[in-house]
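Numbering (this note's numbering), first residue to last: 60 to 419.
Even for Gly, the Cβ is constructed at its ideal location relative to N, Cα and C.
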């Protein structure tokens, strides 16, 4: 009898709690209300900054650094790694009188590789079924990417599914662990990007932090100015005890596989580079030429172009993923389902499918 009571008590204590595996998927930073600490000349500072946390996009680092880049009265909350159109994130956006959407994107191919390494060395480190055959940091990458590219596969090794994940996060309710059945709607993701109050990039993290601080506090910073030798505050760099995602370690076939995972994300990232540069110019207009830092847009575009050219060399320099590559086509169940969404779109006048974040 005592044993039965003990079992019942243990069940009651854990009732309603997520399984252990679910808890360790999520960043602890998402559960914190990050409160701004800075003085500000802005008229209104009491905003809730809703941060859409896409895994492996410097999100945990950004949240930990946010109090040093937001004014007093402001609060930043993470989305618990949920997508923008997920019910939880929408609840955050609608639960406060004044909210601002904040995003942090990353070089798509580097992000996909980083997610693989996070799964291999952290989340699924004890999972013997996760692909890791061979030696070296990148071992298992090809099998992992091929599984995610297989439209018939319904299992992604119980970890992140990197296929156009940044576009999915901004266009649908699907989050990182969901196996996508249909392509996300790029136009909806671009619209979400355009409506965001602030868009940062992991490849330009120090400048992103500077721009956020100056835009929210309405105060210039000397260490952020282009050419300044003054040192700013030390920024967080969460590594999670995972090797760095160095694309120079990958061969052409591996780069191609990763590029095929993120064709829409590449276009989304290119637009995010434009957005970051527009924010820099806005700060320059407020505080003078160079106040927003040096122009990095061309360098970021060149970095993405160099990666694509390593994957798909071109004599003309117009390196890109083959145009015929995509989600549709063929006789696979996923392709039939994709065409079914197209028919659903036509039958409903397009409203239902578009509101769900699928198809253009």
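Minimum C-alpha distance to residue 340 - residue among 305, 274 and 362:
274
Going by DSSP, what residue range makes up the beta strand (DSSP E) through residue 264?
Unbroken run through residue 264 is the alpha helix (DSSP H), 264-276; no beta strand (DSSP E).
Can you give me the Cβ contacts of residue 290 inside the same chain, cut-off strictly under 7 Å, excluding the 5 residues immediately before and after it?
282
Residue range of the alpha helix (DSSP H) that residue 244 falls in?
That residue, residue 244, is in no alpha helix (DSSP H); it is neither H nor E in DSSP.
Just reading off the alpha helix (DSSP H) that residue 135 is part of, what are its end residues?
Unbroken run through residue 135 is the beta strand (DSSP E), 134-137; no alpha helix (DSSP H).
Relative to the C-alpha of residue 133, which candidate in 217, 164, 93 and 121 has its C-alpha closest?
Per the Cα distances, 93.
Short check: CB of residue 171 to CB of residue 138, under 9 Å?
no
Determine whether the beta carbon atoms of residue 364 and residue 260 lie at a separation below 9 Å.
no
Taking the C-alpha atoms as reference points, what is the distance between residue 366 and residue 316?
12 Å
Please classify residue 347 as buried or exposed, where buried requires at least 16 neighbouring CB atoms within 10 angstroms.
exposed
Counting only beta-carbon separations shorter than 9 Å, does residue 172 have a partner in chain D?
Given the protein chain composition of this structure (a single chain), no chain D is represented.
Considering only residues of the same chain and omitting the five flanking positions on each side of residue 193, which have a CB-CB separation below 8 Å?
If the five residues before and after residue 193 are omitted, its C-beta is found closer than 8 Å to the C-beta atoms of 199, all from its own chain and listed in chain order.
Classify residue 209: buried if its beta carbon has 16 or more other beta carbons within 10 angstroms, exposed otherwise.
So residue 209 ends up on the exposed side.
Counting pairs of beta carbons, one from the region 138-152 and one from the region 292-311, are three or more of them closer than 8 Å?
no
What residue does the alpha helix (DSSP H) around residue 293 start on, and which one ends it?
No alpha helix (DSSP H) contains residue 293, which DSSP labels as neither H nor E.
Within the same chain, show all residues whose beta-carbon is closer than 7 Å to that of residue 263, passing over the 5 residues directly before and after it, in chain order.
335, 355 and 359
Is it true that the CB of residue 205 sits closer than 9 Å to the CB of residue 115?
no
Determine the closest residue to residue 304 out of 219, 157, 177 and 156, with distance taken between C-alpha atoms.
Among 219, 157, 177 and 156, the Cα nearest to that of residue 304 belongs to 177.
Taking the C-alpha atoms as reference points, what is the distance between residue 380 and residue 95?
42 Å
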